[in-house]
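Be aware that the sequence shown starts at 506, since it is given in our numbering, and climbs by one per residue. Note that the Cβ used here is the ideal one computed from N, Cα and C, for glycine as well. All values derive from a computational prediction rather than experimental measurement.
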Amino acid sequence: MILPECLNQETEHTNYKFLKHDQKNLTITGVCKGYIKFSKIPDLNDSSEEYAYANFDEFSKSVMNFFGSTSSPEVFENLEKQFNLMNKLFPEKNFGQMKDLFMSFAKNKCGSNPMLGILLGQNKELFKGLEDKFKQIHKDILDKVGIFCVTDRLSHFPMWAHYADEARGFAVEFKNLHQCFNGDETGVLHQIDPVEYKEQRGQISTKPSDLSEIFRTKLKDWEEEHEYRVSELLTQCETDGNCYLYHIDRKYISRIIVGWKCPDNRFEVIKREADDAGIEVVRLKMDEYGNVAIYQ
């Protein structure tokens, strides 16, 4: 797997997860034990992510381009990854066998027959059936995959306000999550990727990148968050009620950074839990000019 430059295995990379503190101390206790929480996409903060969109003209064009004479080796490599992903998500449907048949069909340009263009160009009922099928698959995928979201921004007031209880909570600092989540044969699962921000949600098509875009794209309205995501099968998580928890080695948790509005008694609870786990704790303070820095 080729990692993005910012996630190169030789480069140290830092991410942050903003969290609220709860009265029972469950969040900080879980973090200090090495547990991170995955959520289904419909449970995240952008409701538009749970919907799939389709456009007949774009879909037809993508089919013709895919089966045309210009398909590159990269197209087939990405297509194979998509079949690997579907086989992991739906092992009962034998996508592995379907992959061999479809790849042979695609590589031999069986689809370049002019009849394909006629069929797609004139039969919108076929497209409607495919659209409905793709939307159902999209819905099924969302039910099987969890997302863990982090950012590379620590000094961002809106995120402290929104995700860390107006800076009364804390941020978990992670180091080198790309070594923990280093990918698999799907090119999507078990790896950390930067989110791509777009003006509008992607359309359903046969483009090789589209299936992974389900997990890695958001509207540009969220761009300031600089989000990174890990996508994981929920079957790989432990369940605690409605929570999906995944255990990582605590060496990837470098420290806990407590918000500047955190009450002293709450800070002591967080510090005690972290000290017992051997995790460094620091506290942010705001000066008289509104600047925030780590308090020594």
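- Message: Given a cut-off of 8 angstroms on the beta-carbon distance, is the pair residue 533 and residue 775 in contact?
- Response: Taking the sequence shown and counting its residues from 1, the one referred to as residue 533 is at position 28. Taking the sequence shown and counting its residues from 1, the one referred to as residue 775 is at position 270. Yes, the Cβ-Cβ distance between residue 533 and residue 775 is below 8 angstroms.
- Task: Spatial neighbours of residue 513 within its chain, please: CB distance less than 7 angstroms, with the 5 preceding and 5 following residues excluded, ordered by chain position.
- Result: Indexing the sequence shown from 1 puts residue 513 at position 8. Caution is warranted here: a pLDDT of 47 is assigned to residue 513, below 50, making its placement in the model unreliable, and no coordinate value can be reported.
- Round the Cβ separation of residue 697 and residue 650 to the nearest angstrom and send it over; I've been treating them as touching at under 8 angstroms. By one-based count along the sequence shown, residue 697 stands at place 192. By one-based count along the sequence shown, residue 650 stands at place 145. With 8 angstroms as the limit, residue 697 and residue 650 do not qualify as a contact, their Cβ atoms being about 14 angstroms apart.
- Query: Can you tell me the Cα-Cα spacing of residue 787 and residue 662, whole angstroms?
  - Reply: The sequence position of residue 787 within the sequence shown is 282, counting from 1. The sequence position of residue 662 within the sequence shown is 157, counting from 1. Those two C-alpha atoms are separated by around 17 angstroms.
- Message: For residue 556, tell me which candidate among 765, 582, 646 and 525 has the shortest Cα-Cα distance.
- Response: For the purposes of this step, residue 556 is taken as the residue at position 51 of the sequence shown. It is 646.
- Message: Tell me which residues share the same chain as residue 765 and place their Cβ nearer than 7 angstroms to its Cβ, disregarding the 5 neighbours each side in the sequence.
- Response: Within the sequence shown, residue 765 is the residue found at index 260, counting from 1. Correct list, in chain order: 672, 789, 790, 791 and 797.
- Query: For residue 594, does the count of other Cβ atoms within 10 angstroms reach 16, so buried, or fall short, so exposed?
  - Reply: Within the sequence shown, numbered from 1, the residue matching residue 594 stands at position 89. It is buried - the Cβ of residue 594 has at least 16 other Cβ atoms within 10 Å.
- For the putative contact between residue 656 and residue 733, defined by C-beta atoms under 8 angstroms, what is the C-beta separation to the nearest angstrom? Along the sequence shown, one-based indexing puts residue 656 at 151. Along the sequence shown, one-based indexing puts residue 733 at 228. Their Cβ separation, rounded to whole angstroms, is 7 angstroms, which keeps residue 656 and residue 733 in contact under 8 angstroms.
- Item | Cβ shell of residue 477 (< 6 angstroms), same chain only, five flanking positions each side left out | No statement about residue 477 is possible, as the shown extent of the chain runs from 506 to 801 and does not include it.
- With a threshold of 16 other CB atoms inside 10 Å of the CB of residue 683, please say whether the residue is buried or exposed. Within the sequence shown, numbered from 1, the residue matching residue 683 stands at position 178. By the 10 Å Cβ count, residue 683 comes out buried.
- Below 8 angstroms on the Cβ atoms is my guess for residue 685 versus residue 781; work out the distance and round it to an integer in Å. Against the sequence shown, residue 685 aligns to sequence position 180. Against the sequence shown, residue 781 aligns to sequence position 276. Rounded, the Cβ-Cβ distance is 22 angstroms, inconsistent with contact.
- Task: Taking residue 758 and residue 679 to be in contact with their CB atoms under 8 angstroms, please state how far apart those CB atoms are, rounded to whole angstroms.
- Result: One-based indexing of the sequence shown puts residue 758 at position 253. One-based indexing of the sequence shown puts residue 679 at position 174. That belief holds up - the Cβ atoms of residue 758 and residue 679 are roughly 6 angstroms apart, short of 8 angstroms.
- Task: Under 7 angstroms Cβ to Cβ from residue 713, same chain only, skipping five residues before and after it: list those, please.
- Result: By one-based count along the sequence shown, residue 713 stands at place 208. With a pLDDT of only 46 at residue 713, under 50, the local geometry of the prediction cannot be trusted, and the value read off the model is given with reservation. Closer than 7 angstroms at the Cβ level, and outside the excluded window around residue 713, lie 580, 583, 584 and 587.
- Task: From the DSSP output, read off the bridge partner residues of residue 791.
- Result: As a working mapping, residue 791 is identified with position 286 in the sequence shown. DSSP, once it has assigned bridges, lists 797 as partnering residue 791.
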